[in-house]
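Participant:
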Amino acid sequence: MPTNIEIKAKAADWDGQLSRARALCGRTEELTQTDTFFRCKNGRLKLRDLGSRGGSCLIFYRRPDRPGPKESAYETSAVSDPASMRKVLAKAWGEGKTVRKKRTVLWVGRTRVHFDEVEGLGRFIELEVCLEAGQTPPEGETIARDLMARLGIEAADLLEGAYVEMLTLGRVNAP
Numbered sequence: 004m005p006t007n008i009e010i011k012a013k014a015a016d017w018d019g020q021l022s023r024a025r026a027l028c029g030r031t032e033e034l035t036q037t038d039t040f041f042r043c044k045n046g047r048l049k050l051r052d053l054g055s056r057g058g059s060c061l062i063f064y065r066r067p068d069r070p071g072p073k074e075s076a077y078e079t080s081a082v083s084d085p086a087s088m089r090k091v092l093a094k095a096w097g098e099g100k101t102v103r104k105k106r107t108v109l110w111v112g113r114t115r116v117h118f119d120e121v122e123g124l125g126r127f128i129e130l131e132v133c134l135e136a137g138q139t140p141p142e143g144e145t146i147a148r149d150l151m152a153r154l155g156i157e158a159a160d161l162l163e164g165a166y167v168e169m170l171t172l173g174r175v176n177a178p
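Just so you know, we're using the numbering used here here: the sequence shown kicks off at 4 and counts up by one.
1. If you count every other CB in all the chains shown that lies within 10 Å of the CB of residue 173, and 16 or more means buried, which is it?
2. So residue 76 is in the alpha helix (DSSP H); what residue range does that whole segment cover?
3. According to the neighbour-count rule (16 or more other Cβ atoms, all chains shown, within 10 Å of its Cβ), is residue 160 buried or exposed?
4. Alpha carbon to alpha carbon, how far is residue 91 from residue 153? Give it in angstroms, no decimals.
5. Would a C-beta distance cut-off of 8 Å place residue 125 and residue 170 closer than the cut-off?
6. Using only CA atoms, which one of 41, 46, 6, 13 lies nearest to residue 68?
7. Is it true that the CB of residue 81 sits closer than 8 Å to the CB of residue 4?
8. Considering residue 146, what are the terminal residues of the alpha helix (DSSP H) in which it resides?
9. For the alpha helix (DSSP H) holding residue 2, just list the boundary residues, first then last.
10. For residue 28, which residues does DSSP report across the bridge?
11. Jot down the residue ranges of each uninterrupted beta strand (DSSP E) in the region 78-130, minimum 3 residues, whole runs only, in chain order.
12. Pull up the distance between the alpha-carbon of residue 103 and that of residue 37, whole angstroms please.
13. Should residue 42 and residue 97 be called a contact, given that it needs their Cβ atoms to be closer than 8 Å?
14. Find the nearest neighbour of residue 44 within the set 120, 64, 156, judged by alpha-carbon distance.
Structure below.
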């Protein structure tokens, strides 16, 4: 499975951190995404509606729930009929919460930097270091930690888990 090194953090200084990221990035994309989660025993399974970009995909991933850089293994598949897929998955596995967000994606080298405004939760930053063939997780963690420092992401800002669990538990990061 493809692997990323990821972090999720509260956006302590949204405007300043976004400005620093824009100064580092090669390209930017604005997205609206809706993720519908389904029960899954050995990871997380979500159907993503890419909204403004168009299209949908099914994403399965496994990632430990702990703060700081962590390995995330994932598989994706394009979905041509998301309404039918959602119905099938809901019947087979049970439908969970839905996460809606506005996402600004900036690329810094091989790292996707997400500035997320999550409905009902607040503002967050995610880093996804896309590991190349032969690149080790510790190398990816070094890249993530360097970028955290450059963006002003402190250890106290780091979060564990996924937005879906934060919604379930009622954890909010007010903007």
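Every residue, glycine too, gets a C-beta built ideally from N, C-alpha and C.
Note that the structure is a prediction, hence the values are computed from the model and not measured.
Facilitator: With the structure as the only source:
1. Indexing the sequence shown from 1 puts residue 173 at position 170. Classification of residue 173: exposed, given that the 10 Å Cβ count is below 16.
2. Against the sequence shown, residue 76 aligns to sequence position 73. Run containing residue 76: none in the alpha helix (DSSP H); it sits in the beta strand (DSSP E), 73-82.
3. Position 157 of the sequence shown holds residue 160. It is buried - the Cβ of residue 160 has at least 16 other Cβ atoms within 10 Å.
4. The count along the sequence shown starts at 1 and reaches residue 153 at position 150. The count along the sequence shown starts at 1 and reaches residue 91 at position 88. Whole-angstrom Cα-Cα distance: 44 Å.
5. Against the sequence shown, residue 125 aligns to sequence position 122. Against the sequence shown, residue 170 aligns to sequence position 167. Not closer than 8 Å, so no.
6. The count along the sequence shown starts at 1 and reaches residue 68 at position 65. Of the listed residues, the one whose Cα sits closest to residue 68 is 46.
7. Within the sequence shown, the letter at position 1 stands for residue 4. Within the sequence shown, the letter at position 78 stands for residue 81. Against a cut-off of 8 Å, the Cβ pair of residue 81 and residue 4 comes out as no contact.
8. Numbered from 1 along the sequence shown, position 143 holds the residue referred to as residue 146. First-last of the alpha helix (DSSP H) with residue 146: 140-154.
9. Within the shown structure, residues of the chain are numbered from 4 to 178, placing residue 2 beyond reach of any answer.
10. For this step, residue 28 is matched to residue 25 along the sequence shown. Its beta-bridge partners do not exist; DSSP assigns none.
11. 98-111, 114-121
12. What you label residue 103 is simply residue 100 of the sequence shown in a count that begins at 1. What you label residue 37 is simply residue 34 of the sequence shown in a count that begins at 1. In a straight line, the C-alpha of residue 103 is about 4 Å away from that of residue 37.
13. On the sequence shown, residue 42 is found 39 positions in, with the first residue counted as 1. On the sequence shown, residue 97 is found 94 positions in, with the first residue counted as 1. In contact: residue 42 and residue 97 (Cβ atoms closer than 8 Å).
14. Within the sequence shown, the letter at position 41 stands for residue 44. Comparing Cα positions, the closest option is 64.
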